[in-house]
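Participant:
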Amino acid sequence: GENVEQHPSTLSVQEGDSAVIKCTYSDSASNYFPWYKQELGKGPQLIIDIRSNVGEKKDQRIAVTLNKTAKHFSLHITETQPEDSAVYFCAAIGKFWGGADGLTFGKGTHLIIQP
Amino acid sequence: EPEVTQTPSHQVTQMGQEVILRCVPISNHLYFYWYRQILGQKVEFLVSFYNNEISEKSEIFDDQFSVERPDGSNFTLKIRSTKLEDSAMYFCASSEGGSVSPYEQYFGPGTRLTVT
């Protein structure tokens, strides 16, 4: 089955600086890679995703890049703000025939934005 | 904005008891999921459900677990005889499954299950 590794486990950056979180996956058949933000006591919130036919996707201050050859994808947050502080999870899905596949998650990165 | 809702937010039960966790997926979504997250660990897939039957399940989803869509809006996870190691946050998710955003799974706020 799919295995997703995520680094770092904790990332502390100064407010206004950029943050980068990296994930690798094992199943070359994986074709969808979402990122979730989880605030304390809440469920994971989908913030951005990328499909295997795209190398990069951007949405305001966040962007995701995908390297299918190397089987890794990254989340980039620019101009970080205090409200970006949360745990971020990457995930992958191996196949899609109709939406029923479960996501395989990484272990999460605790992002701390220092004022 | 439509969202997935879950009840109760916190459930305390004794070992060996049955529990039912409830979810109301987003109304036009066709695919439903349960995940769990043990404190401090990653989110783990349990089961997916489509067209009134289980589509995929993980090795965690053993005979103690069952899912049901008893009516047009609710989706439930039943744990028949709870164990201490079932203590976790349980998340329900749903996805549209259509052509526009078939992959996107939206999560509810979770039910914290504590087994004593």
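Taken in sequence, the protein lines are chains C and P.
Going by this note's numbering, the first residue of the first sequence is number -18, and it counts up by one from there.
Going by this note's numbering, the first residue of the second sequence is number 28, and it counts up by one from there.
The beta-carbon is built from N, C-alpha and C at its ideal position, and this holds for glycine as well.
1. Count the C-beta pairs between the region -5 to 8 of chain C and the region 53 to 63 of chain C that are closer than 8 angstroms, then say yes if the count reaches three, no if not.
2. Would DSSP call C/Asp8 helix, strand or coil?
3. Quick one: Cα of P/Ser108 to Cα of P/Val39, how far?
4. Any idea what DSSP makes of C/Glu(-14), helix, strand or coil?
5. DSSP puts P/Gln64 in a beta bridge; with which residues?
6. Would you mind reading off the limits of the beta strand (DSSP E) that contains C/Ser55?
7. Reducing DSSP to helix, strand and coil, say where C/Pro15 ends up.
8. Kindly list, in the order they appear in chain P, the residues whose Cβ is closer than 8 angstroms to that of C/Pro25.
9. Inspect the beta-carbon positions of P/Tyr58 and C/Tyr13 and report whether they are closer than 8 angstroms.
10. I need the DSSP call for C/Asp82, collapsed to helix, strand or coil.
11. Just reading off the beta strand (DSSP E) that C/His91 is part of, what are its end residues?
12. Please report the distance separating the alpha-carbon of C/Ile28 from that of C/Ala67.
13. Looking at C/Val1: is its Cβ nearer than 8 angstroms to the Cβ of C/Phe86?
14. At the level of alpha carbons, what is the spacing between C/Gln95 and P/Thr138?
15. Whose C-beta lies closer than 7 angstroms to the C-beta of C/His(-12) among residues of the same chain, with five residues either side of it excluded?
16. At what residues does the beta strand (DSSP E) containing C/Asn48 begin and finish?
17. In chain C, which residues lie less than 8 angstroms from P/Gly137 when you measure between Cβ atoms?
Facilitator: Taking the coordinates as given:
1. As far as the Cβ criterion goes, the region -5 to 8 of chain C touches the region 53 to 63 of chain C, which means the pair count is three or higher.
2. Here the question's residue 8 of chain C lines up with position 27 in the first sequence. In the structure shown, C/Asp8 sits in coil (DSSP, three-state: anything other than H, G, I, E or B).
3. Locating residue 108 of chain P in the second sequence gives position 81, counting from the first residue. Locating residue 39 of chain P in the second sequence gives position 12, counting from the first residue. Straight across, the Cα-Cα distance linking P/Ser108 with P/Val39 is about 13 angstroms.
4. Position 5 of the first sequence, counting from 1, holds the residue named residue -14 of chain C. Strand.
5. Walking along the second sequence from the start, residue 64 of chain P turns up at place 37. DSSP output for P/Gln64 lists P/Val70 and P/Met116 as bridge partner(s).
6. Walking along the first sequence from the start, residue 55 of chain C turns up at place 74. Its beta strand (DSSP E) spans residues His53 to Ile58.
7. Taking the first sequence and counting its residues from 1, the one referred to as residue 15 of chain C is at position 34. Three-state result, C/Pro15: strand.
8. Locating residue 25 of chain C in the first sequence gives position 44, counting from the first residue. Residues of chain P passing the Cβ test: Val70, Phe118 and Phe134.
9. Counting from 1 along the second sequence, the entry for residue 58 of chain P is found at position 31. Counting from 1 along the first sequence, the entry for residue 13 of chain C is found at position 32. With contacts defined as CB atoms closer than 8 angstroms, P/Tyr58 and C/Tyr13 fail to qualify as a contacting pair.
10. On the first sequence, residue 82 of chain C is found 101 positions in, with the first residue counted as 1. Per DSSP, reduced to three states, the secondary structure at C/Asp82 is coil, with no helix or strand assignment.
11. In the first sequence, residue 91 of chain C corresponds to position 110, counting from 1. Note, C/His91: beta strand (DSSP E), Thr90 to Gln95.
12. Position 47 of the first sequence, counted from the first residue, corresponds to residue 28 of chain C. Position 86 of the first sequence, counted from the first residue, corresponds to residue 67 of chain C. A direct Cα-to-Cα measurement between C/Ile28 and C/Ala67 gives close to 12 angstroms.
13. Indexing the first sequence from 1 puts residue 1 of chain C at position 20. Indexing the first sequence from 1 puts residue 86 of chain C at position 105. Taking 8 angstroms as the Cβ cut-off, C/Val1 and C/Phe86 do not qualify as a contacting pair.
14. Position 114 of the first sequence, counted from the first residue, corresponds to residue 95 of chain C. Position 111 of the second sequence, counted from the first residue, corresponds to residue 138 of chain P. Taking the Cα positions, C/Gln95 is about 31 angstroms away from P/Thr138.
15. Taking the first sequence and counting its residues from 1, the one referred to as residue -12 of chain C is at position 7. Take C/His(-12), set aside five residues on each side of it, and the residues of its chain with a beta-carbon closer than 7 angstroms to its own are Lys3, in chain order.
16. As a first step, residue 48 of chain C is located in the first sequence; it is residue number 67 there, counting from the start. Note, C/Asn48: beta strand (DSSP E), Ile43 to Asn48.
17. Mapped onto the second sequence, residue 137 of chain P falls at position 110. Result: Lys23 and Gly24.
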